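Each position in the sequence shown, counted from 1, maps to that position plus 474 in the working numbering. Where a beta carbon is used, it is the ideal one built from N, C-alpha and C, also for glycine. Since this is a predicted model, take the numbers as computed values, not measurements.
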Amino acid sequence: MKAVSVTPMVTIHHFSNPIWVEDFAHANSTSSGPEDCTSTDINLCGWAGPNQAAIIAALVKHTELLATELGDVVDNWCTISEPVNYILAGWGLAAFPPGHSYLMDGHMVDFMDVFRGFLEAHSQMYDVLKAKDTISAADDGVAANAGNTLSVAEWVPTHANNFSSDPVDVAADNNIEYVYNHFFTQSILDGTFDASWSRNTSTFESHPEWKGKLDFVGLQYYFRAGITGSPALLASVQGTPCMPGSWLDIGSCLPAPEDPNHWIPSMGYEYWKMVLTTSSLRTKTNTLACQQLLLNLVFPPTTACDDLSTL
């Protein structure tokens with residue numbers, strides 16, 4: 475890689491766990507909560523289970539091994555790939571392994587425990603990378619540049635398979651925008667945890683041990699999709715999103731674009747090229763999203779976070 479001027483980045487956790495983290499042969503049904511599971515050496519009952527700390531410890535130990543063995547050739551580390559959509563799919567909607575549907579089954583406390591676990595894992599992984607990777611492979615004085623990646627989407631309010639300005643749909647859009655694009659990163663930057671997704675800062679948990687442990691955020695933009703507030707199948711966001719590539723469309727999905735170059739049928743979603751100038755990444759939130767873009771695209775720090783129209 476070095477011979478052809480490729481700079482390596484190692485992703486430590488990407489959508490998979492050892493079988494013993496949650497052994498399918500001993501796992502609960504998707505409607506069961508982790509309280510029904512008894513932790514053993516061959517089945518730790520998963521990220522929402524009673525032995526979450528042991529899972530985190532094992533992942534941190536693995537991180538230490540990688541940092542020790544590869545630190546002389548790697549400076550850039552991604553702790554966890556796309557944690558938000560991974561957790562939503564694996565523990566919220568049963569679309570990914572381990573196949574839990576806590577969001578649909580009313581196990582919100584268990585679901586948020588998974589988020590806490592991955593946030594704590596990221597924090598500890600960050601610390602061990604800084605401690606154990608002490609060699610700057612690029613000889614630039616930076617031995618360990620540690621962050622994570624985030625799947626981002628351009629969410630728009632919809633109803634009856636069309637754009638909507640109805641306040642109910644707009645509210646649902648604002649909710650999912652916060653959860654999908656900002657919640658995880660904001661938890662790390664601020665050292666807080668919004669367990670109810672209420673955005674009411676007076677109710678946030680304080681986690682100073684997480685605060686600021688993020689050198690970069692790699693944004694991975696996939697699609698534009700709609701969300702309707704009526705009906706609202708997901709009470710946690712007061713809406714029903716279009717899930718590209720799935721069966722779920724009760725009026726929240728937009729028609730396929732006329733331009734086939736902006737449509738990926740095999741994946742079931744639309745690519746929307748105007749995301750950098752018209753999307754929620756610029757208009758719906760504070761400077762957090764802009765800061766994410768600047769970190770990822772390595773713009774000069776003087777770039778204005780209130781105007782991305784020139785990108």
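By the criterion of a C-beta distance shorter than 8 Å, Lys687 is surrounded in its chain by His596, Ser597, Tyr600, Asp601, Ala620, Ile662, once the five residues flanking it on both sides are discounted. Under the three-state reduction of DSSP output, Thr553 falls in the strand class. His536: member of the alpha helix (DSSP H) spanning 526-544, first to last residue. Rounded to whole angstroms, the gap between the alpha carbons of Asp607 and Asp546 is 8 Å. In the three-state scheme derived from DSSP, where H, G and I count as helix and E and B as strand, Leu567 is classed as coil.
With a cutoff of 8 Å on beta-carbon distance, Val588 and Ile561 are scored as near each other. Cα atoms of Met717 and Cys727: separation of roughly 8 Å, rounded to the nearest angstrom. DSSP places Leu688 in the coil class of the three-state scheme, outside both helix and strand. In the structure shown, the three-state DSSP call for Trp746 is coil. Ser597: member of the alpha helix (DSSP H) spanning 582-606, first to last residue. For Gln526, the CB contacts under 6 Å within the same chain, skipping 5 residues up- and downstream, are Gly591 in chain order. Within the same chain, Ile554 come within 6 Å of His487 by CB-CB distance, once the 5 residues on both sides are set aside. Looking from the CA of Thr537, the closest CA among Met475, Asp510, Ala618 belongs to Ala618. For Ile486, the enclosing beta strand (DSSP E) starts and ends at 483-487. Remark: C-beta atoms of His633 and Gly725 approach each other more closely than 8 Å.
Relative to His574, the option among Trp565, His581, Gly580 whose CA is nearest is Trp565. Close CB contacts of Gly665 within its chain, under the 6 Å cut and outside five residues either way in sequence, are with His681, Pro682, Trp684, Lys685 (chain order).
Membership of Ala645 in the alpha helix (DSSP H) is indicated by the continuous run 641-655. Excluding its 5 nearest sequence neighbours in each direction, Thr481 has no C-beta neighbour in its own chain below 6 Å. Taking a contact as a CB-CB distance under 8 Å, the pair Ile530 and Glu628 does not count as one, their CB atoms being some 33 Å apart. The three-state secondary structure of Asn735, taken from DSSP, is helix.
The bridge partners DSSP lists for Arg698 are Glu628, Glu744. Pairing Pro557 with Glu496 gives a Cβ-Cβ distance that is not under 8 Å. DSSP places Asn635 outside both helix and strand once states are collapsed to three, so it counts as coil. With distances taken between CA atoms, Ser490 lies nearest to Ala563 out of Glu732, Ala563, Gly713, Ile609. Here Asn491 is not bridged, per DSSP, to any residue.
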